[in-house]
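Colleague: In my numbering, the protein residues as written are -18 to 291. Just so you know, even glycine gets a beta-carbon here, dropped at the ideal spot from N, CA and C.
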């Protein structure tokens, strides 16, 4: 196999499937309003001209940590073991909804969209004997194009299978870890001063709040899409792509959440490999040109085409 197809969400959208993140927002309005409210309430957006849904996965790193901590600790001032346990349960439940609950609901959304069928008039000519990496959670390639399952690598899972899907941001979780080093009492302090020091430190720390901070920090790890780990775990597959002569990227924006895959692929295939990348509009075309330059793929070896023109 000398051809590789990389399939993104734009491919399913081209075929009429309602799998856009804005479609997911509508799904939540009718199926899980609590999750939608939490997403809108506790995620802040760094760029004023974007809302949460425009770049959904990237924005999962933009949790309003302080706002969430204020909410979680507002009604819990009981420092007893019972109070701490109640707070731990509340925090775990809330964060589970934003991680595992989000993935479960997204899978349900994908299954509903997939079951509505596609527009066959928009089928694209594809070599069914090639290799395929699908970033989608649907089985469009198998169901509509009859691509053998053995030819497809579903890199982030499939909505219909129990293993679950991979959905998340690409920001290093360690950047959100603001744990401060544990302070120790001053050396040589008298017994009286030690008692004063411990009393002061006790007043400075609310164990319930500290527990919450640790749990919220874990959110950033739970919602992290560890692309480097995925590459390492599938290194045999990726290294086997060294003989690929043509790469076709259909419906994928090559955005920052998945850029590590493309960096690895670009370093694996030969410099003479030909690339064909689809784009949606002129803005995306320009962004793709910057990305390809970043990947050191020469313009003489790639072409950008509108998906509707294929």
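(1) Would you say residue 265 and residue 234 are within 8 Å of each other, going by their C-beta atoms?
(2) May I ask you to list the residues that DSSP assigns as paired with residue 257?
(3) I'd like to check one pair, residue -9 with residue 261: are the Cβ atoms closer than 8 Å?
(4) Within its chain, find whatever has a CB closer than 6 Å to the CB of residue 106; leave out the 5 residues flanking it on each side and keep chain order.
(5) Quick check on residue 30: does DSSP put it in helix, strand or coil?
(6) Residue 259: which of 279, 240, 237 and 286 sits nearest, CA to CA?
(7) Excluding five sequence neighbours on each side, which residues of the same chain lie with their C-beta closer than 7 Å to the C-beta of residue 66?
(8) Residue 29: buried (16+ other C-beta within 10 angstroms of its C-beta) or exposed?
(9) Measuring only the C-alpha atoms, how far is residue -5 from residue 153?
(10) With DSSP collapsed to three states, give me the class of residue 133.
(11) To which residues of the same chain is residue 245 closer than 7 Å at the C-beta, ignoring the five residues directly before and after it?
(12) Please report the residue range of the alpha helix (DSSP H) in which residue 50 lies.
(13) Among residues of its own chain, excluding the 5 on either side of residue 102, which ones have a beta-carbon nearer than 6 Å to its beta-carbon?
(14) With C-beta atoms as the reference, is residue 125 less than 8 Å away from residue 137?
(15) Do residue 80 and residue 204 come within 8 Å of each other at the CB atom, strictly closer than that value?
(16) Inspect the beta-carbon positions of residue 99 and residue 118 and report whether they are closer than 8 Å.
(17) Within 10 angstroms of the Cβ of residue 225, are there 16 or more other Cβ atoms? Answer buried if so, exposed if not.
(18) For residue 4 versus residue 23, is the C-beta distance shorter than 8 Å?
(19) Please report the residue range of the alpha helix (DSSP H) in which residue 2 lies.
(20) Hey, out of 104, 210 and 196, whose CA is closest to residue 49's CA?
(21) Jot down the residue ranges of each uninterrupted beta strand (DSSP E) in the region 73 to 128, minimum 3 residues, whole runs only, in chain order.
(22) Among the candidates 36, 267 and 42, whose CA atom is the shortest distance from the CA of residue 156?
(23) Compute the Euclidean distance between the alpha carbons of residue 167 and residue 82, then round it to the nearest angstrom.
(24) Ordered along the chain, which non-local residues of its own chain (more than five positions away) have a Cβ less than 7 Å from that of residue 108?
(25) Since residue 111 and residue -18 should fall inside the 8 Å C-beta cutoff, what is the C-beta to C-beta distance between them, to a whole number of angstroms?
Modeller: This is what the structure holds:
(1) As a first step, residue 265 is located in the chain shown; it is residue number 284 there, counting from the start. As a first step, residue 234 is located in the chain shown; it is residue number 253 there, counting from the start. In contact: residue 265 and residue 234 (Cβ atoms closer than 8 Å).
(2) Taking the first residue of the chain shown as position 1, residue 257 is located at position 276. According to DSSP, residue 257 bridges with 229 and 284.
(3) For the purposes of this step, residue 261 is taken as the residue at position 280 of the chain shown. For the purposes of this step, residue -9 is taken as the residue at position 10 of the chain shown. Yes, the Cβ-Cβ distance between residue 261 and residue -9 is below 8 Å.
(4) Here residue 106 refers to the residue found at position 125 of the chain shown. Once the five neighbours on either side are set aside, residue 106 has no close Cβ partner at all.
(5) Counted from its first residue, the chain shown places residue 30 at position 49. The predicted model places residue 30 with a pLDDT of 49, which falls under 50 and marks its position as unreliable; any figure quoted below should be read in that light. Of the three classes helix, strand and coil, the one that applies to residue 30 here is coil, per DSSP.
(6) Position 278 of the chain shown, counted from the first residue, corresponds to residue 259. Ranking the options by Cα distance to residue 259, first place goes to 286.
(7) Within the chain shown, numbered from 1, the residue matching residue 66 stands at position 85. Hits under 7 Å: none found.
(8) As a working note, residue 29 is residue 48 in the chain shown. Interpretation of residue 29 is limited by its pLDDT of 47, a score under 50 that renders its predicted location unreliable; the figure taken from the coordinates is listed afterwards. By the 10 Å Cβ count, residue 29 comes out exposed.
(9) Here residue -5 refers to the residue found at position 14 when the chain shown is read from its first residue. Here residue 153 refers to the residue found at position 172 when the chain shown is read from its first residue. Those two C-alpha atoms are separated by around 32 Å.
(10) Counted from its first residue, the chain shown places residue 133 at position 152. Looking at residue 133 - three-state DSSP - the assignment turns out to be strand.
(11) Against the chain shown, residue 245 aligns to sequence position 264. Result list for residue 245: 212 and 219, in chain order.
(12) Taking the chain shown and counting its residues from 1, the one referred to as residue 50 is at position 69. Element bounds for residue 50: 46 to 54.
(13) On the chain shown, residue 102 is found 121 positions in, with the first residue counted as 1. The answer is none, since no qualifying residue turns up.
(14) For the purposes of this step, residue 125 is taken as the residue at position 144 of the chain shown. For the purposes of this step, residue 137 is taken as the residue at position 156 of the chain shown. Against a cut-off of 8 Å, the Cβ pair of residue 137 and residue 125 comes out as no contact.
(15) One-based indexing of the chain shown puts residue 204 at position 223. One-based indexing of the chain shown puts residue 80 at position 99. Taking 8 Å as the Cβ cut-off, residue 204 and residue 80 qualify as a contacting pair.
(16) Translated into positions along the chain shown, residue 99 becomes position 118. Translated into positions along the chain shown, residue 118 becomes position 137. No. Outside cutoff.
(17) The count along the chain shown starts at 1 and reaches residue 225 at position 244. So residue 225 ends up on the buried side.
(18) Translated into positions along the chain shown, residue 4 becomes position 23. Translated into positions along the chain shown, residue 23 becomes position 42. No; because the gap between Cβ atoms is not below 8 Å, this pair is not in contact.
(19) By one-based count along the chain shown, residue 2 stands at place 21. 2 to 12 is the extent of the alpha helix (DSSP H) around residue 2.
(20) Taking the first residue of the chain shown as position 1, residue 49 is located at position 68. Selected option, being the one with the closest Cα: 196.
(21) 112 to 115
(22) By one-based count along the chain shown, residue 156 stands at place 175. Taking only the C-alpha atoms, the option nearest residue 156 is 42.
(23) Looking up residue 167 in the chain shown gives position 186. Looking up residue 82 in the chain shown gives position 101. Answer to the nearest angstrom: the Cα atoms are 46 Å apart.
(24) If you number the chain shown from 1, residue 108 lands on position 127. Cβ neighbours of residue 108 beyond the five flanking positions: -16.
(25) Residue numbering aside, residue 111 sits at position 130 when the chain shown is read from its first letter. Residue numbering aside, residue -18 sits at position 1 when the chain shown is read from its first letter. The Cβ separation is near 6 Å, so the contact holds.
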